[in-house]
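FYI, the numbering for the sequence shown is 68 to 177, going by this note's numbering.
Each residue gets a CB set at the ideal place from its N, CA and C atoms; glycine is no exception.
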Amino acid sequence: MPDATTTIDDLKAVVRQFAAVRKWEPYHSPKNLAMALASEVGELLEPFRWLTCEESREIVNDPVQREAIADELADVTTLLMHLSNHTGIDLSEALRQKMIKNEVKYPPPA
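In structure tokens form, the structure reads like this:
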């Protein structure tokens, strides 16, 4: 499933099916999903803890660290997809709207 050809809807369908087969839906309240997401973001931070900015850029060249970071990014993405599924929030539209707000809040330098 390469990024170039995979849609957000594709990802949402994959995680929806994964959870359905395991009968996890009763546990997937927005609160529980948001809490799980926060936990996974914390796990994503672990490989970067105490690194310099340059070291944090280089760490992905280590195959073991790269895999660990990729796993945590996947966990974060999975939970974002679940949260979007359970709230009915369209991620593409939410991002588009937020970028409009950010254009006003953070104008480019003059």
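Would you decide whether Glu107 is buried or exposed? Buried here means 16 or more other CB atoms lie within 10 Å of its CB. Locating residue 107 in the sequence shown gives position 40, where the first residue counts as 1. Buried, since its Cβ has 16 or more Cβ neighbours within 10 Å.
| query | Among the residues of its own chain, which have a CB less than 7 Å from the CB of Leu118, if the five just before and after it don't count? | reply | Locating residue 118 in the sequence shown gives position 51, counting from the first residue. Hits under 7 Å: Ile126.
Keeping to the same chain, check which residues put their C-beta closer than 8 Å to that of His153; ignore five residues upstream and five downstream.
Looking up residue 153 in the sequence shown gives position 86. So the qualifying residues of the chain are His95, Ser96, Pro97, Leu100.
heavy atom of the ligand ZN below 7 Å from Glu110 C-beta: In the structure on display, the ligand ZN does not appear, and there are no ligands present to speak of.
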